[in-house]
Amino acid sequence: AQSVTQLGSHVSVSEGALVLLRCNYSSSVPPYLFWYVQYPNQGLQLLLKYTTGATLVKGINGFEAEFKKSETSFHLTKPSAHMSDAAEYFCAVTLTGNQFYFGTGTSLTVIP
Amino acid sequence: NAGVTQTPKFQVLKTGQSMTLQCAQDMNHEYMSWYRQDPGMGLRLIHYSVGAGITDQGEVPNGYNVSRSTTEDFPLRLLSAAPSQTSVYFCASSGSENTIYFGEGSWLTVV
Chain G
889 AQSVTQLGSH VSVSEGALVL LRCNYSSSVP PYLFWYVQYP NQGLQLLLKY TTGATLVKGI
949 NGFEAEFKKS ETSFHLTKPS AHMSDAAEYF CAVTLTGNQF YFGTGTSLTV IP
Chain U
127 NAGVTQTPKF QVLKTGQSMT LQCAQDMNHE YMSWYRQDPG MGLRLIHYSV GAGITDQGEV
187 PNGYNVSRST TEDFPLRLLS AAPSQTSVYF CASSGSENTI YFGEGSWLTV V
């Protein structure tokens, strides 16, 4: 069975600083990997996804993530945090495109 | 470009009342699911469906019922609401892209 672990339920960064949100997965075979963002009182929006091919994936709003099979990781990064990046971020994994497994989320606070 | 639409957005129920959360998608996705989101617990799968006429239980199915009579619709029924069912509910769908898309959420309070 697959599972996702997000290290750090709360992360604070200064505006303009690097954003690093950690995600590790457990799967017997390379899965599809996703990051979703949730703004207050809204649904989850797809930020980026890895299916096959290039291991560095670029998403919306300047975010990117790198699939590292040897480390079973899919960490999310952004070079320079903006106030509008403050939100909840979820990492997710699927093998079949039907059953999705989500991490418990990381709340990102951006300090002006 | 509707995607996944769920209603109502907000609802207050009294303990013991029943209600239905509606969900519809216009992407012709076979797979639909319901999650609940609670603080510190992430998203937990309630029920899911892999196609019309087929439903199955997820991680936390007790107290909820679903049906899938059409590809588009996947309503979630609370049979007898309890305070423990106070939560935010998300309907989602996925198809051949292997990507899951979410509705805007339904905030439910049971008093």
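Top line first, the protein sequences correspond to chains G and U. Read in order, the letters of the first sequence correspond to residues 889 to 1000 in our numbering. Read in order, the letters of the second sequence correspond to residues 127 to 237 in our numbering. Using N, Cα and C, we set each Cβ at its ideal position, and we do this for glycine too.
According to DSSP, residue pairing for residue 216/U in a beta bridge involves 161/U.
Here residue 954/G really is in contact with residue 944/G; their C-beta atoms are around 5 Å apart, less than 8 Å. Taken in chain order, the members of the segment 915-935 of chain G whose beta-carbon sits within less than 9 Å of a beta-carbon on chain U are 920, 922, 924, 926, 929, 930, 931, 932, 933 and 934. In this chain, the beta strand (DSSP E) harbouring residue 202/U covers 202-204. Taking a C-beta distance under 8 Å as the contact criterion, residue 149/U and residue 229/U qualify as a contact pair. Residue burial is scored here from C-beta neighbours: residue 167/U has fewer than 16 other C-beta atoms within 10 angstroms and is therefore classed as exposed. Listed in chain order, the non-local C-beta contacts of residue 915/G below 7 Å within the same chain comprise 890, 981 and 983, local neighbours out to five positions each way being set aside. Contact between residue 173/U and residue 163/U does not hold, since their C-beta atoms are separated by about 15 Å, which reaches or exceeds 8 Å.
Taking the beta carbon of residue 957/G as reference, no residue of chain U falls within 8 Å; the closest one sits roughly 18 Å away. In the DSSP assignment, residue 975/G forms a beta bridge with 996/G.
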